[in-house]
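Taking it in order: structure first as structure tokens, then the write-up.
Put into structure tokens, the structure is as follows:
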């Protein structure tokens, strides 16, 4: 692996600790969180699919978000678990590039779907009489399709830049997955173009959905202030509480970790990235189910069904 142009070498996912006792604890935590993530989000999808009353735009977007959360977590955690069981820390060059590609897609899809859900709430609260006409099924499908298209193009762009790099030494990644910023630090090529792309196009993809969310909630806030009754205000805010909680959790982590050049990326940033790669997909179904009577009712029917 000491050749001058090692673009197909293996990478070594070191995780966060070299101590076997701590690795066993981390393995148990990741296995438990992954099982909760998959089962919780599958329950949300099943509840929405089985209850005709939940066949509305809001729950259509929520089902898509749950599907993306399962995929997002499945990109990284299973590989880490398998490596632990096999006593291996390696991931091939091709697997690493593929992992980063899907990380870009599903990580950004979360943001785009959250912005679409914010727009849905804006229409429901600010234009309730025109909600059915404005949020037509065809428009809902189109919004999701556009989100997929943009995130796929974004992922393809960054991976095409990534595969131009060379890796000429022992490629140890102090993480449990191929974090793009840590991979950039391992390259023996000039990563200036990659850093420029990450610092310009990257924030554009991250912040565009965030700005849409902020604008949507600014209109919602203005509308809520004009409501004459306290009951109306509470009802409006209750439909947004779960979504706002998820938005804060998702963007609070991602903006703090990835909005700087790869050269300043630290182990603390790698630890923080677990919040949106593992924790956020796990807690999303709990946030939505605990604060949503319709979801709780649908889940109760499924569980109590003879």
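Numbering (the working numbering), first residue to last: 967 to 1272.
Positions of the beta carbon are idealized from the N, C-alpha and C atoms, including for glycine.
Remember, predicted model here, so these are calculated numbers, not experimental data.
Considering residue 980, what are the terminal residues of the alpha helix (DSSP H) in which it resides?
As a first step, residue 980 must be located in the chain shown, where it is residue number 14. Careful: residue 980 lies outside any alpha helix (DSSP H) and carries neither H nor E.
Backbone secondary structure at residue 1254 - three-state DSSP
Here residue 1254 refers to the residue found at position 288 when the chain shown is read from its first residue. In the structure shown, residue 1254 sits in a helix (DSSP, three-state: H, G or I).
Quick one, which of 1256, 1182, 1254 and 1175 has its alpha-carbon nearest residue 1088's?
If you number the chain shown from 1, residue 1088 lands on position 122. Of the candidates 1256, 1182, 1254 and 1175, the one whose C-alpha sits nearest the C-alpha of residue 1088 is 1182.
Straight-line Cα distance separating residue 1172 from residue 969
Here residue 969 is taken as the residue at index 3 of the chain shown, counted from 1. Here residue 1172 is taken as the residue at index 206 of the chain shown, counted from 1. Unreliable positioning characterises residue 969 in this predicted model, as indicated by a pLDDT of 43, which lies under 50. The coordinate reading is nonetheless provided below. Looking at the backbone, the Cα of residue 969 and that of residue 1172 are separated by about 37 angstroms.
Where do the ends of the alpha helix (DSSP H) carrying residue 962 lie?
Because residue 962 is not part of the residues shown, which for the chain are 967 to 1272, the question remains open.
Hey, residue 1034 and residue 1072: beta-carbon distance below 7 angstroms or not?
Mapped onto the chain shown, residue 1034 falls at position 68. Mapped onto the chain shown, residue 1072 falls at position 106. Yes, they are a contact pair.
Which listed residue (1066, 1111, 1024 and 1174) has its alpha carbon closest to that of residue 1100:
Residue numbering aside, residue 1100 sits at position 134 when the chain shown is read from its first letter. Of the listed residues, the one whose Cα sits closest to residue 1100 is 1024.
Local Cβ density within 10 Å of residue 1018, reported as buried at 16 or more and exposed below that
Against the chain shown, residue 1018 aligns to sequence position 52. Exposed is the call here.
From the DSSP output, read off the bridge partner residues of residue 1022.
Position 56 of the chain shown, counted from the first residue, corresponds to residue 1022. Residue 1022 pairs with nothing; no bridge assigned.
Would you kindly report the start and end of the unbroken alpha helix (DSSP H) that includes residue 1267?
Taking the first residue of the chain shown as position 1, residue 1267 is located at position 301. Residue 1267 -> alpha helix (DSSP H) spans 1259-1270.
Quick check on the burial criterion: 16 or more other C-beta atoms within 10 angstroms. Buried or exposed for residue 1103?
Taking the first residue of the chain shown as position 1, residue 1103 is located at position 137. Note on residue 1103: under 16 other CB atoms within 10 angstroms of its CB, so exposed under the neighbour-count rule.
Pick helix, strand or coil for residue 1132, following the three-state DSSP scheme.
Mapped onto the chain shown, residue 1132 falls at position 166. Of the three classes helix, strand and coil, the one that applies to residue 1132 here is coil, per DSSP.
What does the Cβ neighbour count give for residue 1086, buried or exposed, with the cut at 16 atoms within 10 Å?
Sequence index remark: in the chain shown, residue 1086 carries index 120 (1-based). Buried, because 16 or more other Cβ atoms sit within 10 Å of the Cβ of residue 1086.
The region 1152-1160 in contact with the region 1130-1141 per 3-pair CB rule at 8 angstroms:
The way I'd put it, the region 1152-1160 does touch the region 1130-1141; three or more beta-carbon pairs between them come closer than 8 angstroms.
Presumed contact (8 angstroms Cβ cut-off) between residue 1265 and residue 1013, rounded CB distance
To locate residue 1265, count along the chain shown from 1; it is residue 299. To locate residue 1013, count along the chain shown from 1; it is residue 47. Contact flag correct, Cβ pair sits at about 5 angstroms.
Count the other C-beta atoms from every protein chain shown that fall within 10 angstroms of the C-beta of residue 1206, then say buried if there are 16 or more, exposed otherwise.
Here residue 1206 is taken as the residue at index 240 of the chain shown, counted from 1. Looking at its Cβ environment, which holds 16 or more other Cβ atoms inside 10 Å, residue 1206 is buried.
If you drop the 5 nearest sequence neighbours on each side, which residues of the same chain put their C-beta closer than 6 angstroms to that of residue 1106?
Along the chain shown, read from residue 1 onward, the residue named residue 1106 stands at position 140. Answer for residue 1106: 1023 and 1026, listed in chain order.
Residue span of the alpha helix (DSSP H) that contains residue 1071, given as start and end:
Locating residue 1071 in the chain shown gives position 105, where the first residue counts as 1. It spans 1059-1092 - the alpha helix (DSSP H) in which residue 1071 sits, taken as one unbroken run.
Using 10 angstroms around the beta-carbon of residue 1067, count the other beta-carbons present and answer buried if the total reaches 16, otherwise exposed.
As a position in the chain shown, residue 1067 is number 101, starting the count at 1. With 16 or more other Cβ atoms within 10 Å, it is buried.
Below 8 angstroms on the Cβ atoms is my guess for residue 1178 versus residue 1081; work out the distance and round it to an integer in Å.
To locate residue 1178, count along the chain shown from 1; it is residue 212. To locate residue 1081, count along the chain shown from 1; it is residue 115. With a Cβ gap of about 4 angstroms, residue 1178 and residue 1081 count as contacting.
Comparing C-alpha positions only, which one of 1117, 1114 and 1145 sits nearest to residue 1128?
Within the chain shown, numbered from 1, the residue matching residue 1128 stands at position 162. The shortest C-alpha separation from residue 1128 is found at 1145.
Excluding sequence positions up to five away, which residues of its chain have a Cβ less than 8 angstroms from the Cβ of residue 996?
Looking up residue 996 in the chain shown gives position 30. Excluding its 5 nearest sequence neighbours in each direction, residue 996 has C-beta neighbours in its own chain below 8 angstroms: 1043, 1046, 1047, 1142 and 1244, listed in chain order.
Roughly how many whole angstroms lie between the Cα atoms of residue 1149 and residue 1098?
Residue numbering aside, residue 1149 sits at position 183 when the chain shown is read from its first letter. Residue numbering aside, residue 1098 sits at position 132 when the chain shown is read from its first letter. Going from the Cα of residue 1149 to the Cα of residue 1098 covers about 47 angstroms.
Where do the ends of the alpha helix (DSSP H) carrying residue 1149 lie?
What you label residue 1149 is simply residue 183 of the chain shown in a count that begins at 1. Unbroken alpha helix (DSSP H) run through residue 1149: 1146-1152.
Counterpart residues of residue 1138 in DSSP-defined beta bridges
Mapped onto the chain shown, residue 1138 falls at position 172. In DSSP, residue 1138 forms a bridge with 978.
Start-to-end residues for the alpha helix (DSSP H) that takes in residue 1098:
For the purposes of this step, residue 1098 is taken as the residue at position 132 of the chain shown. Where residue 1098 is concerned, the enclosing alpha helix (DSSP H) stretches over 1097-1100.
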